[in-house]
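What follows is one structure encoded as structure tokens, with my remarks underneath.
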Amino acid sequence: ETGVTQTPRHLVMGMTNKKSLKCEQHLGHNAMYWYKQSAKKPLELMFVYSLEERVENNSVPSRFSPECPNSSHLFLHLHTLQPEDSALYLCASSQALRGTGDGYTFGSGTRLTVV
Amino acid sequence: GENVEQHPSTLSVQEGDSAVIKCTYSDSASNYFPWYKQELGKGPQLIIDIRSNVGEKKDQRIAVTLNKTAKHFSLHITETQPEDSAVYFCAALDGSARQLTFGSGTQLTVLP
Numbered sequence: 005e006t007g008v009t010q011t012p013r014h015l016v017m018g019m020t021n022k023k024s025l026k027c028e029q030h031l032g033h034n035a036m037y038w039y040k041q042s043a044k045k046p047l048e049l050m051f052v053y054s055l056e057e058r059v060e061n062n063s064v065p066s067r068f069s070p071e072c073p074n075s076s077h078l079f080l081h082l083h084t085l086q087p088e089d090s091a092l093y094l095c096a097s098s099q100a101l102r103g104t105g106d107g108y109t110f111g112s113g114t115r116l117t118v119v
Numbered sequence: 035g036e037n038v039e040q041h042p043s044t045l046s047v048q049e050g051d052s053a054v055i056k057c058t059y060s061d062s063a064s065n066y067f068p069w070y071k072q073e074l075g076k077g078p079q080l081i082i083d084i085r086s087n088v089g090e091k092k093d094q095r096i097a098v099t100l101n102k103t104a105k106h107f108s109l110h111i112t113e114t115q116p117e118d119s120a121v122y123f124c125a126a127l128d129g130s131a132r133q134l135t136f137g138s139g140t141q142l143t144v145l146p
């Protein structure tokens with residue numbers, strides 16, 4: 005384990021379902037991120053939270069809704085997804101938003117399949 | 035915004051040979067360049083990084099070089115081993131220091 009835990013590891017959902025992805029970091033970091041990783045595409049930043057405040061939203065569709073209740077937990081709520089949303093969703097954390105520190109620490113991801 | 039290009043997309047080398055992966059970036063204000071290794075079923079893990087005030091950094095069999103003038107940086111792996119087989123990503127921290135932009139990844143295969 006890297007210190008960033010993501011659950012579930014795998015998720016299959018229908019287009020009308022509502023589900024949530026969970027991320028927890030045990031590193032005392034202040035910034036947390038959601039990335040989408042699709043096959044043969046660069047990692048796409050979705051959301052950035054710093055000290056529980058959302059500071060970036062990279063034009064992500066509203067069917068993805070993030071939540072950061074505290075600096076250790078990050079959620080991604082999903083509803084009415086499309087098949088093209090199937091991907092690996094990665095959570096990451098860092099010491100500070102602007103500092104480079106030791107870089108980002110990633111979780112193992114949630115493999116999402118939308119059917 | 036920042037744009038990072040990574041080459042090659044796939045690379046096969048014989049065990050014991052060296053591997054080199056190259057990246058270019060567009061934002062001259064970028065100042066931090068990490069490299070990540072992603073094994074199957076796992077998230078990316080930081081393996082080495084370099085800051086813009088340094089031209090080269092080495093950690094055992096892994097080294098990274100940075101050419102700020104040309105805006106490119108490279109990962110060098112020497113004496114490759116089968117466990118080096120993975121996808122490698124380069125990244126650049128943009129000038130506003132708000133987010134990392136990743137390259138598209140290189141699938142490295144080390145043949146025994």
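Top to bottom, those sequences are chains S and D.
Heads up: the first sequence begins at 5 in my numbering, then just goes up one per residue.
Heads up: the second sequence begins at 35 in my numbering, then just goes up one per residue.
Just so you know, even glycine gets a beta-carbon here, dropped at the ideal spot from N, CA and C.
Whole-Å CB distance - residue i paired with residue j, under 8 Å assumed
| i | j | result |
| --- | --- | --- |
| Phe79 (chain S) | Val8 (chain S) | Not confirmed; about 14 Å, so no contact. |
| His14 (chain S) | Gln99 (chain S) | About 30 Å separates the two Cβ atoms, so there is no contact after all. |
| Asp61 (chain D) | Ala104 (chain D) | Not a contact, Cβ separation roughly 14 Å. |
| Phe67 (chain D) | Ile55 (chain D) | Actually they are not in contact, since the Cβ atoms of Phe67 (chain D) and Ile55 (chain D) sit about 12 Å apart, beyond 8 Å. |
DSSP beta-bridge partners of residue i
| i | result |
| --- | --- |
| Thr109 (chain S) | S:Ser97 |
| Ser46 (chain D) | D:Thr143 |
| Thr114 (chain S) | S:Tyr93 |
| Ser52 (chain D) | DSSP output for Ser52 (chain D) lists no bridge partner at all. |
Partners in chain S for residue i, counting only beta-carbon separations shorter than 8 Å
| i | result |
| --- | --- |
| Phe178 (chain D) | No information on residue 178 (chain D) is available, as it lies outside the stretch 35 to 146 that chain D covers here. |
| Asp51 (chain D) | Under the 8 Å cutoff, chain S gives no residues; its nearest Cβ is about 26 Å from Asp51 (chain D). |
| Ser138 (chain D) | Lys44, Lys45, Pro46 |
Residue i: contacting residues in chain S (beta-carbon distance under 7 Å)
| i | result |
| --- | --- |
| Pro68 (chain D) | Gly107 |
Listed by chain order, chain D residues near residue i by CB distance under 9 Å
| i | result |
| --- | --- |
| Phe110 (chain S) | Tyr70, Gln72, Lys76, Gly77, Pro78, Gln79, Leu80 |
| Gly49 (chain S) | The question names Gly, yet the displayed sequence has Leu at residue 49 (chain S). Result: Gln133, Leu134, Thr135, Phe136. |
Chain D residues whose Cβ lies nearer than 7 Å to that of residue i
| i | result |
| --- | --- |
| Gly113 (chain S) | Gly77 |
| Leu94 (chain S) | Gly77 |
| Leu15 (chain S) | Correct list: empty, because the minimum Cβ distance to chain D is about 15 Å. |
Per the contact definition of three or more C-beta pairs closer than 8 Å, is the stretch 131-142 of chain D in contact with the stretch 85-93 of chain D?
Result no; under three Cβ-Cβ pairs closer than 8 Å.
Using 8 Å as the threshold, is the stretch 55-75 of chain S in touch with the stretch 83-100 of chain S, meaning 3 or more CB pairs across them? Taking one beta carbon from each stretch, the stretch 55-75 of chain S and the stretch 83-100 of chain S have 3 or more pairs nearer than 8 Å; the two touch.
- [ ] Flag this pair as touching only if the stretch 51-69 of chain D and the stretch 32-47 of chain S have three or more C-beta atom pairs under 8 Å; answer yes or no.
- [x] The stretch 51-69 of chain D makes no contact with the stretch 32-47 of chain S, as fewer than three CB pairs between them are under 8 Å.
**Request:** Count the CB pairs spanning the stretch 26-36 of chain S and the stretch 121-129 of chain D that are closer than 8 Å, and state whether there are at least three.
**Result:** A contact between stretches requires three or more CB pairs, one per stretch, nearer than 8 Å, and the stretch 26-36 of chain S fails this requirement with the stretch 121-129 of chain D.
**Asked** Which runs of the beta strand (DSSP E), 3 residues or longer, sit entirely within the stretch 76-140 of chain D?
**Response** You should have 79-85, 90-93, 96-101, 106-111, 120-127, 134-136.
Query raised in the report: Can you list, in chain order, the stretches of the beta strand (DSSP E) that have 3 or more residues and sit fully within the stretch 5-86 of chain S?
Result: Counting whole runs of 3 or more residues, the stretch 5-86 of chain S contains the beta strand (DSSP E) stretches 8-11, 14-17, 22-29, 35-41, 48-54, 57-61, 68-74, 77-83.
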